[in-house]
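To keep things clear, I will list the structure first and then write my remarks on it.
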Amino acid sequence: MLNVQVKTFENLTKLELYHILELRSDVFVVEQDCVYRDIDGKDFEALHVLGFKDDKLIAYARIFKPGLYYEESSIGRVVVTKPERRFKYGHVIMEKSIAAIAEHYNTSSIKIMAQTYLRNFYSSFGFIEIGDEFLDDGILHVMMIKT
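Counted from 1, the sequence shown has number 18 at position 14 by the working numbering; the numbering is strictly sequential.
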């Protein structure tokens, strides 16, 4: 079972922040072999959705209010540790992120920049593709929206 918490940047402990950055680096930089600037200054403005299993951070996403980066709210940095993906925790962290947007921002309109190989995953939550595929940091992406 995944214990999910939603926190502002200010409410993260130093240890939680360390584990967030470690998890994102392990997957987005090392596993995907992509050198990019993960520490982008946006974490200060995000709500952080943390998924713990046995007190270990294994899933994560960050969400933003409407109007900050897109007209809609947004979800980004959705990640689950490789050994835990088989348990569908990505689905849990997305469901909790969508619910947190509804609760904290009072909207269901969400825009994401999705890696194209995950388009079916995001489609299962009602996201539809808008626009053409494009490269971001050397990885194919597509914009998707849920209303």
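C-beta atoms are modelled at their ideal positions from N, C-alpha and C, and glycine is treated no differently.
No experiment lies behind these values; they were computed from the predicted model shown.
Do residue j and residue i come within 9 Å of each other at the CB atom, strictly closer than that value?
| i | j | result |
| --- | --- | --- |
| Ala104 | Leu51 | yes |
| Ile149 | Ile132 | yes |
| Lys100 | Val10 | yes |
| Gly55 | Tyr93 | yes |
| Val31 | Thr85 | yes |
| Phe129 | Met98 | yes |
Could you pull out every residue in the same chain whose Cβ sits closer than 8 Å to the Cβ of residue i, ignoring the five residues on either side in sequence?
| i | result |
| --- | --- |
| Glu88 | Lys57, Ile62, Ala63 |
| Ser157 | Only positions 5 to 151 of the chain appear in this structure, which leaves residue 157 out of reach. |
| Leu144 | Gln119, Thr120, Tyr121, Glu137, Phe138 |
| Glu35 | Lys86 |
| Pro70 | Glu76, Ser77, Tyr109, Thr111, Ser113 |
| Arg90 | none |
Under 8 Å by Cβ, that's how I've got residue i and residue j pegged, so tell me the actual separation to the nearest angstrom.
| i | j | result |
| --- | --- | --- |
| Arg123 | Val96 | About 19 Å separates the two Cβ atoms, so there is no contact after all. |
| Asp140 | Met117 | 7 Å |
| Glu49 | Leu21 | In fact, because the Cβ distance is near 15 Å, the residues do not count as touching under 8 Å. |
Relative to the C-alpha of residue i, which residue among the options is closest?
| i | options | result |
| --- | --- | --- |
| Val80 | Ala65, Ala106, Gly94, Gly130 | The sequence shown places Gly at residue 80, not Val. The option with the nearest alpha carbon to Gly80 is Ala65. |
| Thr120 | Phe138, Tyr109, Phe129 | Phe138 |
| Leu6 | Val53, Phe125, Glu20 | Val53 |
| Val82 | Lys18, Thr17, Leu25, Leu16 | Leu25 |
| Ile43 | Ile134, Ser29, Glu35 | Ser29 |
Near residue i, what residues of its chain come up, given a Cβ to Cβ distance below 6 Å and the 5 sequence neighbours on each side ignored?
| i | result |
| --- | --- |
| Asp47 | Phe13 |
| Ile134 | Met147, Ile149 |
Verify the CB distance criterion: does residue i have a CB-CB separation below 9 Å to chain D?
| i | result |
| --- | --- |
| Thr12 | Absent from the structure is chain D; it holds one protein chain and no more. |
Can you list, in chain order, the residues of its chain with a C-beta nearer than 7 Å to that of residue i? Leave out the 5 residues immediately preceding and following it.
| i | result |
| --- | --- |
| Gly142 | Cys38 |
| Tyr126 | Ile116, Ala118, Met148 |
| Tyr74 | Lys115 |
| His23 | Leu61 |
Does residue i pass the burial test, meaning 16 or more other C-beta atoms within 10 Å, or should it be called exposed?
| i | result |
| --- | --- |
| Glu76 | buried |
| Tyr40 | exposed |
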